[in-house]
Structure formats: structure tokens, C-alpha cells
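Numbered by this note's numbering, the letters in the sequence shown go through residues 2 to 508 in order.
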Amino acid sequence: MLINILAYLEQSAARCPQKNALIDEEESITFSELERYAQALGSSILAAIPGVMRRPVAVLADRTAATVVSLLGVVYSGNFYVPLDNRLPKERLQLMLDKMQPAMIICAEKDLQLLEGTSCLAPCLVYEHGIRAAVNTEALDEVRDLMIDTDPVYMIYTSGSTGTPKGIVVSHRSMIDLAEWLDKTFAFAEDEILGNQTPFYFDASVKDVCICLKKGVTMVIIPAKLFMFPLLLIDYLNRHRITTILWATSALVLVADSGVFTRKIPLYLRKVFFAGEAMLAKHLNTWRKYLPQALYVNLYGPTEVTVDCTYYVVDRELADDEPVPIGRACSNMEVFLLDEQNRLITGEEQGEICVRGTGVALGYYREPERTAEVFVQNPLHNDYRDPVYRTGDLARYNAYGELVFCGRKDQQIKHRGHRIELGEIELVAGGAPRVTACVCFYDQKQEKIVLQYTGTANRSELVKIMGRKLPKYMLPHVIVRKQSFPYNANGKIDRVKIMELYNEENC
């Protein structure tokens, strides 16, 4: 029985030792080297903090093969990795280190200066030194024998809609379950080449790592700057013969709206996965028009359920203004909807998405009260312990029995006696021609619904479309066209920043 995610790496290293596991701008690393470097790093950690297990080890992460080696090295030491963006402002980095109290910090030599001035007392291991250490097989084996599948493997910090970072702890068993489901459902072949877009401090990258380790698939880490230049991005995909991408929705939208496909297409792409935000069919339809033979899959899941809990394989034509369904539960997961009285919803009524199964995370690190708020006993019974994660997301069932994402519970407002779903307004506005993206929020002070959007649509045509599809009380009072939206490190529209900018402009 598999109890440790490292078993995948070791099996692939034995099966295809000289095959490239990781390729970035600076170097390529084979599976044999990946195993050896990670074991050397794990040995270095054990030598520096002997006897320490199941503790967080911070990794200053960037878009490099070295970051992946560092993450796996932490796992070899019997601890769990916590990737932190190496571009974080010093105050934010300090806040996360204070909350985490890591047993150790791993960083590249060039990033040592980022730790200057922080008050963290944890020892620091320089990556370049750690991978040159001798592998202590005896020490690694001793630690491995003590590990079980419910031990934590990683912790990802996410701030969600609150802006306050919370560390979500995930076990080996949950990550193994994800890897098994991905392989069983989508049958990845060893000759596939995966194009990584997601930074390693964002949980969606865990899928890329799972596929790489389990199937012996080469992961090419695409330079972030290329996503600003779609033509160069397509050239890069073709040069590296990339067959599979698991990208943020925003990245696919950027490519679709750039018009690049009229000039050039990715010639080798066979599988296209997207996640992170709701996808409108008009963007997906552009991809399907130019790459009709590819498999398209919409994935949904908060970090708290080990990346994904539902999926939809695109199997039919979708109208441009239609939301792409989030589909059905992944294997070994149950996803259901509850109303405000905690009653199970089976019809077309909207309800909160709740998740149970192996993918449910261990909780928030050192935050038992916050954990207890959303990791709860199954509200449908009290017969035995049955943990459920309440996502705070809303969905409904469509005519096909598939889940359709409807927004966040915290996007529900009361305005002049009417309950309004801001996500529904976004859905209608986002489906309008020549609208690239939109954000709807409520100005509490002035009691106004505000809609901001990007694209070339003019305000009057947007008002007409919304007037035909929404009741009068749901129509935005303020509609503003923006040149662009700020995006956070996860590739999602930064709603907190948009609200801050709006308040500054209207104070």
C-alpha cells in the first residue's frame, strides 16, 4: 500500500532514470537527479535539525526546477513543505513566518538577502549547498519508517476573500488520492510533456507535480513573462512539444482574447485543463474552434479539498454566454449542496457546496477555531464522525445533473429588500460580446451595486444586455470600463485590491 508521495518519484526514477523530469529556463533535471538531489537535501535537513518531524519547513519558491527539488527534499526529511513566493513584500513574508514558526527555511543563494531583517530564528539551508551533501540513506530510512499516510505533506497559504493568510495542511493520503484519480481518469502517458503555468506556492501546481512524479512525465516550467506575449507563448509550447496544460482560467482567457490562434496554434496540445475561476463558454469556444481534437476539462475545488473535488469533461456545444459546468465529484469524494437550513438540495435550487472524502484537508495550521467553522461534522447526520468541508461557494444543478458554479456566499447582498447574487450579475455581464472579464461588488456606504469590466464593449450595449436578462433591482448602479484588472499571485482577479482602489477613488 502506498503511504508516501515519494514512492512515485522513486518508481519513476527506477523506470526512466535518464529522462528529463524538470526543465526550466536555466537547467534540466533527470528523474535520477531529482531523486538524488531531493535525498541529499533531505539528508541536509535531518543533519541540521535532527529528530524534528512533521513540522513546517518554509521554501522560498520561484518558477524553477530547484523549487520542486526543495519541496521534495523537505518531504524526505519527514516534515511538510510550505512554499512562499520569493517576491513577497518583507512585511508579508514576516507575517507568514511568524504564523508558521518554521523548523527551517530553504532558499536559493540569491534569495538569502530576502531574509535579512526578518525576526525568524529558524535555521536557513541554502539550496545549492544542500544538494551537494552526501545522501544519508540510513537516516532517511529511519524517518521513512516512522511516517504514515495521514502525516502532512504540504501546507499552502491562502488568504481567500479575507486578506488574512491561513495555512491549509494536506496529508500524504490526500495527495496520493489526487494523483491516483488524475491518472485513472485521464490516462496520462509517459511520452506526454506537461507545460506548467501555476507557481509552486499555489495549490493548483500540486496536480502538475503529481502527474510528473507518478507517470514519469516531463514538466516544462514555462517562464511567466511569456504569458504577456501570446505569440511567443505558442512558439514556446511548440518548441517544447507540450501536450498537456493545467492552467488558471485567466491564462486561457488571455490567450483566447489575444487573437493569436488566427496566426499560430499549439501543434502538439492534446489535453487542456483549467481551474481557479469560473470559465465562460465564449473563451473556451475559441480554444475549441482552433483545437477541436483536444480534451478540455474544467476542474473545481478550493485548496481545502486538495486542489480539486469536481470535474467536467467538455462533451457538448456550449452557448457563448453559458457558464462551463464544474460537473461531478472526483472519485472517492462526495460533493453535495445544502440550503440555509442544512437540508440536502436535489432540485434546481441554489445551495452551498459541501465536500466529504479523503481529499478534505487536515485543517488550518494552529487555528482550531477557524478550522472548526468550516471543517464540520456532516450536517446530514450525527451517527459517527464524518468530516465535511463547507466551501462557502454556491452552485446549482443543471438539466444534465451537473453542478454549475454560482458565486460565493459572501457575494450575496441584501439591497432594498431584495436578496441579490452578485455572481449572477457577473455571469450575465461576462457573457456579453466583447467583455473579457468583470467584477461586481456592493458599495455599502452609498448602497450601490458596482460593475467593473475589461474589454471593448461599450457601456450602453452592456446596459441593454443586462436589462434583457436581469430584473430591474439587480441592475448595477455604477458601470465602469477598466483597461485591466489586478491579478494576484494565484492568477485570479484580485478582488480585494479592486475594492481598495475603488474606495481610494471614491472616499
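Note that beta-carbon positions come from the ideal geometry of N, C-alpha and C, so glycine has one too.
Please identify the residue among P224, S13, L72 and N383 whose C-alpha is closest to the C-alpha of F81. Closest by alpha carbon: L72.
Report yes if the CB atom of V361 is closer than 7 Å to the CB atom of V336, and no otherwise. No; because the gap between Cβ atoms is not below 7 Å, this pair is not in contact.
From the DSSP secondary-structure annotation, give me the bridge partner or partners of K415. BP columns for K415 point to R420.
Contacts around I494, its chain only, beta-carbon distance under 8 Å, and the 5 residues preceding and following it disregarded: Excluding residues within five positions, the ones whose Cβ falls inside 8 Å are S251, E278, A438, V440, F486, P487 and Y488.
Would you check if the distance between the CB atom of Y269 and the CB atom of R240 is smaller than 7 Å? Pairing Y269 with R240 gives a Cβ-Cβ distance that is not under 7 Å.
Using only alpha-carbon positions, find the residue among N343, E27, F442 and V75 that is nearest to S44. Checked all of N343, E27, F442 and V75; the closest Cα to S44 is V75.
Taking the CB atoms as reference points, tell me whether L300 and A276 lie closer together than 7 Å. Contact: yes.
Can you say whether V481 is buried or exposed, counting buried as having 16 or more other CB atoms within 10 angstroms of its CB? Burial call: exposed.
Classification of Y474 by the beta-carbon crowding that lies within 10 angstroms, buried from 16 upward: By the 10 Å Cβ count, Y474 comes out exposed.
So is E518 buried or exposed if we call it buried at 16+ other beta carbons inside 10 Å? For the chain, the structure presents residues 2 to 508; residue 518 sits outside this window and is missing.
Please classify Y312 as buried or exposed, where buried requires at least 16 other C-beta atoms within 10 Å of its C-beta. Buried, since its Cβ has 16 or more Cβ neighbours within 10 Å.
Over the uninterrupted alpha helix (DSSP H) stretch that includes L42, give me the two end residues. L42: member of the alpha helix (DSSP H) spanning F32 to A49, first to last residue.
Of the residues Y401, V429 and M176, the one placed nearest D309, counting alpha carbons only: The shortest Cα separation from D309 among Y401, V429 and M176 belongs to M176.
Buried or exposed: where does T372 fall if 16 or more other Cβ atoms within 10 Å of its Cβ makes it buried? T372 comes out buried.
Check whether the Cβ atoms of M101 and P57 lie closer than 7 Å to each other. Result yes, Cβ atoms of M101 and P57 sit closer than 7 Å.
Thinking just about the alpha-carbon of each residue, which of C108, A62 and A330 is nearest to the one in W182? The option with the nearest alpha carbon to W182 is A330.
Inspect the CB distances between the segment 143-158 and the segment 281-291 and report whether three or more fall short of 8 Å. Counting C-beta pairs closer than 8 Å gives fewer than three between the segment 143-158 and the segment 281-291, which falls short of the contact rule.
Output the distance between the C-alpha atoms of A109 and A41, rounded to the nearest integer angstrom. So the alpha carbons of these two residues sit roughly 15 Å apart.
Measure the CB-CB distance between G432 and L281 and report whether it falls below 7 Å. The Cβ atoms of G432 and L281 sit closer than 7 Å to each other.
L227: first and last residue of the uninterrupted alpha helix (DSSP H) it sits in: No alpha helix (DSSP H) holds L227; DSSP gives it neither H nor E.
Around the C-beta of H478, are 16 or more other C-beta atoms found within 10 angstroms, so that it is buried, or is it exposed? When all chains shown are included, H478 counts as exposed.
Tell me whether K226 is buried or exposed, calling it buried when 16 or more other Cβ atoms sit within 10 Å of its Cβ. It is exposed - the Cβ of K226 has fewer than 16 other Cβ atoms within 10 Å.
Let me confirm a value: N491 is counted as buried when at least 16 other C-beta atoms fall within 10 Å, else exposed. Which label applies? With 16 or more other CB atoms across the displayed protein chains lying within 10 angstroms of its CB, N491 is buried.
Segment limits, beta strand (DSSP E) that includes K167: Unbroken beta strand (DSSP E) run through K167: K167 to S172.
State yes or no: is the C-beta of L395 within less than 7 Å of the C-beta of Q351? Yes; because the gap between Cβ atoms is below 7 Å, this pair is in contact.
Only counting the same chain, and skipping five residues up and downstream in sequence, which positions put a Cβ closer than 7 Å to that of D152? Excluding residues within five positions, the ones whose Cβ falls inside 7 Å are R55, S172 and H173.
What do you reckon, are the CB atoms on A123 and M105 nearer than 7 Å? Contact: yes.
To the nearest angstrom, how far is the alpha carbon of I24 from that of R417? R417 has its alpha-carbon roughly 56 Å from the corresponding atom of I24.
Is it buried or exposed for K91, if we count other Cβ within 10 angstroms and need 16 for buried? Answer is exposed; the Cβ neighbour count stays below 16.
Could you check if D86 is buried or exposed, using at least 16 other CB atoms within 10 Å of its CB as the buried criterion? Result: buried.
Quick one: measure Cβ to Cβ for V218 and V69, integer angstroms, because I've assumed they're closer than 8 Å. Between V218 and V69, the beta carbon gap of about 13 Å keeps them out of contact (Cβ cut-off 8 Å).
Since P57 is in the beta strand (DSSP E), which residue starts that stretch and which ends it? DSSP places P57 in the uninterrupted beta strand (DSSP E) bounded by P57 to A62.
Please report how far the alpha carbon of R64 lies from the alpha carbon of E26, in whole angstroms. Distance between the alpha carbons of R64 and E26: 9 Å.
Looking only at its own chain, which residues have a Cβ that is under 8 Å from the Cβ of S206, when we skip the five neighbours before and after it? Once the five neighbours on either side are set aside, the close Cβ partners of S206 are N197, T199 and P200.
Could you work out which residue in V127, C125, W248 and A59 is closest to L94 when comparing CA atoms only? That would be A59, whose Cα lies nearest to the Cα of L94.
At the level of alpha carbons, what is the spacing between C407 and Y385? C407 and Y385 have their C-alpha atoms spaced approximately 31 Å apart.
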